[in-house]
Amino acid sequence: MKLNTKLTLFNTISKLVIVVFFVLLLPLLINYISLGYTDGKLVEQKDKVLQIVKTLGIGNYITDGESYGSYTLLKEEYISLDEVPADEYLDTIMNERRIVEGDTIEYRILSHTFKADKKNYLLEVGKSVSTLDDTTGPLQKIAFLVLVGMILLTILADQVYSNYVLRPLRQIIKTRLNSSRFPYTDSYNKVRTSTVDFQYLDISIHRMMETITNKFQKEREFISNASHELMTPISILQTKIENMFVEEDIADELKVRLLEMQRILNRLKSITKTLLLISQIENEQFIKQDEVNLSEMLHDVQDEISIRLEQKDVALTIEVPADIVLHKVNKFLLFNLFFNLVNNAIKYNIAGGSINITARKNISGLILNIADTGIGIGEDELPFIFDRFKKLKRALQQESFGLGLPIVKSIADFHGIVIEVTSEKGRGSTFSLIIPDEILK
Amino acid sequence: MNVLIIEDERSLAREVDIFLTNNNYVCEVAYNGRSASEKISVNLYDFILIDLGLPDYDGLDLLKEAKRNNPEAACIILTARAEVNDRITGLDLGADDYVPKPFSLLELQSRMQAITRRKFGLKQNTVTLGDFLINLTERTISHEGNVINTITKKEFDLIAYMLLHKNRTLTRTQLSEHIWGSVVNDDYDSNYIDAHIKNIRKKLNAFASPNWLETVRGLGYKIVVNS
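Written as structure tokens, this is what we have:
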């Protein structure tokens, strides 16, 4: 998931949690505010009544011990005055029911006792609870809508802002990591941003890539130079052994030992030659100007390798249309690529097994599958098969130094061919070469 | 035939010298570009073997001098730096062949013989081996006038190479180096040479015994020609 999406998602969820919490609390809050307001009003009314009683006297309302009562037309509010026993004392505000003209109505009632003319009176000021509810409902609704609106606005603002603020990060990923071709040779163009962290990240990635490129170039140079330097001493040893070998006075026993030396030297020579080939391919020292008929080349490989097929009793079938021609390629290298792939398919095959080479068109180019019925590659080994000198279990079982597939990979990369490998232990492997349209004629 | 070996690695120059001398070539050695340049301007050679990586001289300049002063000489470039551009430049400048180091002396001799056949018109196109007649130009083996068409290209390559080095034991390494020279692969020990020889014997035996193709126990194979 993108960082931007993650941030927006977090903001949205956190806001939603707050809103839900607030919405759940809203009725309680509004009730609390509304009650406080009503209670305040009731106290104000009580004070007003007491003030009137003080100035006009209680007789203005109550004469001969009768009660006083008054209510509004819709019975939303009422007020009453009663004489009560002298020992009764009340000063409360609570919800209670009262019967007014036969209707039972719940009121918020302020009850207050006071003395006037040496008698004890109870004043009740009430406000119907249903009128309170009438105001809290719309209030809750409006509060909820305003909240939702504000949240949507802030999510939008978050999205726009994070998009804006993260743009340099996307640019760093795109220019420094995704589209830059390795080895990194482009000149350094600073990513424009005012965010210090991104500036730091940009320069750090640039420096890291420079270091890796330097190391990479050094490794290439080293392999190339070392292989070159090894050629002359190998030549000297080889010629010495060959000359000793033809000397007549050398005993057969010694010749066998010379032969062993020759064999070891040959192994050293093969490794050096292979490394040199890989380094020459990677340093782009080959010219891609040849035109090759794919089917013909595969049949040439078959001819070349027929003795190995015969030895292991492996059948090779080539089902590739005769009209597929590759151009802008290097014939020598392509031959080596196919030779090594087919050789591998033989080497890791079972006696009496088979190899099937097929081709099919695809949107991205031509897919050439080389499928064998061999021992297969374990899942743990699959990611490393193209690594140089990575000694895999299956290579150890064969007389191989594990450079066949690195050669294949270097040649494929050089031609822009993608290799995909699927394999199942004991069931065989399929190497798929995706040959791009650019080299298909 | 006169050969000038231009090679700054004394050990290597010495081994090439010994080998070619044993094979009836007359050799001179130059260990640096200056002395090579002197020799080229004074003497005439049939072959000039030039190492491109000389410390004091550009091997390609020596090649130009050789072509100017010794136009009849066949020039073979020997080098560890077998890069494509060098190879193209060398051949463009008139080199007759290009042998990348490390090379086998037998391979070098084969190439020199091929050049000799091509350049000096010394044709030894047909050789009789027992009941078989081998035509090196047409690359055929025939028995009583009938061409044996079961012999493959690789099998003929092997026979021709052994024939070129007749009466000499060739090891499996030497044989495989010759027939698989251009392919770079990572097998270092295969017995496919034995399989090839077995096939050749089987195919020829259908006509007559190829008793001239001998196995040298523990060492390799050779073609024996009694002349």
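So the protein sequences, as listed, match chains A and B.
When you line the first sequence up against our numbering, it's residues 1 to 441, in that order.
When you line the second sequence up against our numbering, it's residues 1001 to 1227, in that order.
Quick reminder that beta carbons are idealized off the backbone N, C-alpha and C, glycines included.
Quiz item: Any idea what DSSP makes of isoleucine 1141 (chain B), helix, strand or coil?
Solution: Residue numbering aside, residue 1141 (chain B) sits at position 141 when the second sequence is read from its first letter. Three-state result, isoleucine 1141 (chain B): strand.
Practice problem: Give a yes or no on whether the minimum CB-CB distance between phenylalanine 1019 (chain B) and chain A is below 7 angstroms. | Solution: Sequence index remark: in the second sequence, residue 1019 (chain B) carries index 19 (1-based). Interface residue, yes.
Exercise. Determine the closest residue to valine 320 (chain A) out of A:Lys328, A:Asn293, A:Leu16, with distance taken between C-alpha atoms.
Key: Within the first sequence, numbered from 1, the residue matching residue 320 (chain A) stands at position 320. Residue A:Asn293 is the option with its Cα nearest to valine 320 (chain A).
Quiz item: Does DSSP classify glutamate 260 (chain A) as helix, strand or coil?
Solution: Here residue 260 (chain A) corresponds to residue number 260 of the first sequence, with the count starting at 1. DSSP places glutamate 260 (chain A) in helix when its eight states are reduced to three.
Practice problem: May I ask you to report which of helix, strand or coil DSSP gives aspartate 1008 (chain B)? | Solution: What you label residue 1008 (chain B) is simply residue 8 of the second sequence in a count that begins at 1. Here aspartate 1008 (chain B) sits in coil by DSSP.
Quiz item: Can you find a C-beta in chain A that's less than 7 angstroms from the C-beta of histidine 1196 (chain B)?
Solution: Within the second sequence, residue 1196 (chain B) is the residue found at index 196, counting from 1. Chain A, which has a Cβ nearer than 7 angstroms to the Cβ of histidine 1196 (chain B), makes this yes.
Quiz item: Span of the beta strand (DSSP E) holding methionine 94 (chain A)?
Solution: Against the first sequence, residue 94 (chain A) aligns to sequence position 94. That run of the beta strand (DSSP E) goes 91–100.
Exercise. Grab the span of the alpha helix (DSSP H) containing aspartate 117 (chain A) for me, first residue to last.
Key: The residue labelled residue 117 (chain A) in the question sits at position 117 within the first sequence. Taken as a continuous stretch (DSSP letters only), aspartate 117 (chain A) belongs to no alpha helix (DSSP H), as it is neither H nor E.
Exercise. Determine, using beta carbons only, whether tyrosine 1161 (chain B) comes closer than 7 angstroms to chain A.
Key: Here residue 1161 (chain B) refers to the residue found at position 161 when the second sequence is read from its first residue. With 7 angstroms as the cut-off, tyrosine 1161 (chain B) does not count as an interface residue toward chain A.
Quiz prompt | leucine 403 (chain A) in three-state terms, based on DSSP | solution = Taking the first sequence and counting its residues from 1, the one referred to as residue 403 (chain A) is at position 403. Three-state DSSP puts leucine 403 (chain A) in coil, outside helix and strand.
Quiz item: Do you know how far the Cα of serine 187 (chain A) is from the Cα of leucine 177 (chain A)?
Solution: For this step, residue 177 (chain A) is matched to residue 177 along the first sequence. For this step, residue 187 (chain A) is matched to residue 187 along the first sequence. Approximately 14 angstroms between the Cα atoms of the pair.
Practice problem: Pull up the distance between the alpha-carbon of alanine 157 (chain A) and that of valine 23 (chain A), whole angstroms please. | Solution: Within the first sequence, residue 157 (chain A) is the residue found at index 157, counting from 1. Within the first sequence, residue 23 (chain A) is the residue found at index 23, counting from 1. C-alpha separation (whole angstroms): 23 angstroms.
Practice problem: Confirm, please, whether the CB-CB distance from serine 67 (chain A) to isoleucine 79 (chain A) is below 7 angstroms. | Solution: Working through the first sequence from its first residue, we reach residue 79 (chain A) at position 79. Working through the first sequence from its first residue, we reach residue 67 (chain A) at position 67. No, the pair does not count as a contact, with Cβ atoms beyond the cut-off.
Quiz item: CA-CA distance, isoleucine 109 (chain A) and aspartate 134 (chain A)?
Solution: Here residue 109 (chain A) is taken as the residue at index 109 of the first sequence, counted from 1. Here residue 134 (chain A) is taken as the residue at index 134 of the first sequence, counted from 1. The alpha-carbon atoms of isoleucine 109 (chain A) and aspartate 134 (chain A) are separated by roughly 18 angstroms.
Quiz item: Taking the C-alpha atoms as reference points, what is the distance between glutamine 217 (chain A) and isoleucine 1151 (chain B)?
Solution: The count along the first sequence starts at 1 and reaches residue 217 (chain A) at position 217. The count along the second sequence starts at 1 and reaches residue 1151 (chain B) at position 151. Rounded to whole angstroms, glutamine 217 (chain A) to isoleucine 1151 (chain B) spans 48 angstroms at the Cα level.
Quiz prompt | Endpoints, the beta strand (DSSP E) within which proline 436 (chain A) is located | solution = Locating residue 436 (chain A) in the first sequence gives position 436, counting from the first residue. Proline 436 (chain A) -> beta strand (DSSP E) spans 428–436.
Quiz item: Taking buried to mean at least 16 other C-beta atoms within 10 Å of its own C-beta, is glycine 1053 (chain B) buried or exposed?
Solution: As a first step, residue 1053 (chain B) must be located in the second sequence, where it is residue number 53. Flag for glycine 1053 (chain B) reads buried.
Quiz item: Does asparagine 349 (chain A) get closer than 7 angstroms to chain B when you measure Cβ to Cβ?
Solution: As a first step, residue 349 (chain A) is located in the first sequence; it is residue number 349 there, counting from the start. It does not; no Cβ of chain B falls within 7 angstroms.
Practice problem: If I'm right that lysine 269 (chain A) touches isoleucine 234 (chain A) with Cβ under 8 angstroms, what's the distance once you round it to whole angstroms? | Solution: Residue numbering aside, residue 269 (chain A) sits at position 269 when the first sequence is read from its first letter. Residue numbering aside, residue 234 (chain A) sits at position 234 when the first sequence is read from its first letter. About 5 angstroms separates the two Cβ atoms, so the contact holds.
Self-check item: Chain-ordered neighbours of serine 295 (chain A) on chain B, where CB pairs are closer than 7 angstroms
Solution: Here the question's residue 295 (chain A) lines up with position 295 in the first sequence. Per Cβ cutoff of 7 angstroms: no residues; serine 295 (chain A) is ~18 angstroms from chain B at best.
Quiz item: Can you tell which of B:Glu1007, B:Ala1160, B:Arg1201, B:Tyr1025 has the C-alpha that lies nearest to the C-alpha of glycine 1033 (chain B)?
Solution: The sequence position of residue 1033 (chain B) within the second sequence is 33, counting from 1. For the residues B:Glu1007, B:Ala1160, B:Arg1201, B:Tyr1025, the minimum Cα distance to glycine 1033 (chain B) belongs to B:Glu1007.
Quiz item: Just by C-beta distance, which residues in the stretch 416–433 of chain A are closer than 7 angstroms to chain B?
Solution: none
Self-check item: Residues of its chain near histidine 206 (chain A), where Cβ-Cβ distance is below 6 angstroms and the 5 sequence neighbours each way are ignored
Solution: Counted from its first residue, the first sequence places residue 206 (chain A) at position 206. These residues qualify, in order along the chain: Tyr188.
Exercise. If I'm right that leucine 42 (chain A) touches valine 84 (chain A) with Cβ under 8 angstroms, what's the distance once you round it to whole angstroms?
Key: Locating residue 42 (chain A) in the first sequence gives position 42, counting from the first residue. Locating residue 84 (chain A) in the first sequence gives position 84, counting from the first residue. That belief does not hold up - the Cβ atoms of leucine 42 (chain A) and valine 84 (chain A) are roughly 19 angstroms apart, past 8 angstroms.
Quiz item: Quick one, which of A:Phe198, A:Ile30, A:Ile324 has its alpha-carbon nearest threonine 136 (chain A)'s?
Solution: Taking the first residue of the first sequence as 1, we reach residue 136 (chain A) at position 136. Per the Cα distances, A:Ile30.
Quiz item: What's the C-alpha gap between isoleucine 1193 (chain B) and arginine 1172 (chain B)?
Solution: Indexing the second sequence from 1 puts residue 1193 (chain B) at position 193. Indexing the second sequence from 1 puts residue 1172 (chain B) at position 172. Approximately 6 angstroms between the Cα atoms of the pair.
Quiz item: Relative to the C-alpha of arginine 97 (chain A), which residue among A:Leu90, A:Tyr107, A:Leu9, A:Glu88 is closest?
Solution: In the first sequence, counting from the first residue as 1, residue 97 (chain A) sits at position 97. Ranking the options by Cα distance to arginine 97 (chain A), first place goes to A:Tyr107.
Practice problem: Determine, using beta carbons only, whether serine 1037 (chain B) and glutamate 1065 (chain B) come nearer to each other than 7 angstroms. | Solution: Taking the second sequence and counting its residues from 1, the one referred to as residue 1037 (chain B) is at position 37. Taking the second sequence and counting its residues from 1, the one referred to as residue 1065 (chain B) is at position 65. Yes. Within cutoff.
Quiz prompt | Whole-number beta carbon distance between histidine 112 (chain A) and lysine 46 (chain A), since they are thought to touch under 8 angstroms | solution = For the purposes of this step, residue 46 (chain A) is taken as residue 46 along the first sequence, with counting starting at 1. For the purposes of this step, residue 112 (chain A) is taken as residue 112 along the first sequence, with counting starting at 1. Lysine 46 (chain A) to histidine 112 (chain A), Cβ: 5 angstroms. Contact.
Quiz item: Just to confirm, are leucine 275 (chain A) and isoleucine 223 (chain A) a CB contact at a threshold of 7 angstroms?
Solution: As a first step, residue 275 (chain A) must be located in the first sequence, where it is residue number 275. As a first step, residue 223 (chain A) must be located in the first sequence, where it is residue number 223. Cβ atoms of leucine 275 (chain A) and isoleucine 223 (chain A): closer than 7 angstroms.
Quiz prompt | Spatial neighbours of leucine 7 (chain A) in its chain, beta-carbon cut-off 6 angstroms, leaving aside the 5 residues before and after | solution = The residue labelled residue 7 (chain A) in the question sits at position 7 within the first sequence. Answer for leucine 7 (chain A): Ser162, listed in chain order.
Self-check item: Backbone CA spacing between threonine 373 (chain A) and glutamate 424 (chain A) [nearest angstrom]
Solution: One-based indexing of the first sequence puts residue 373 (chain A) at position 373. One-based indexing of the first sequence puts residue 424 (chain A) at position 424. Roughly 10 angstroms between the two C-alpha positions.
Quiz item: If we cut at 7 angstroms on Cβ distances, does asparagine 1185 (chain B) have a partner in chain A?
Solution: Position 185 of the second sequence, counted from the start, is the residue given in the question as residue 1185 (chain B). Yes, asparagine 1185 (chain B) lies at the interface with chain A (some Cβ there is under 7 angstroms from its Cβ).
Quiz prompt | Endpoints, the alpha helix (DSSP H) within which valine 43 (chain A) is located | solution = Working through the first sequence from its first residue, we reach residue 43 (chain A) at position 43. Note, valine 43 (chain A): alpha helix (DSSP H), 3–56.
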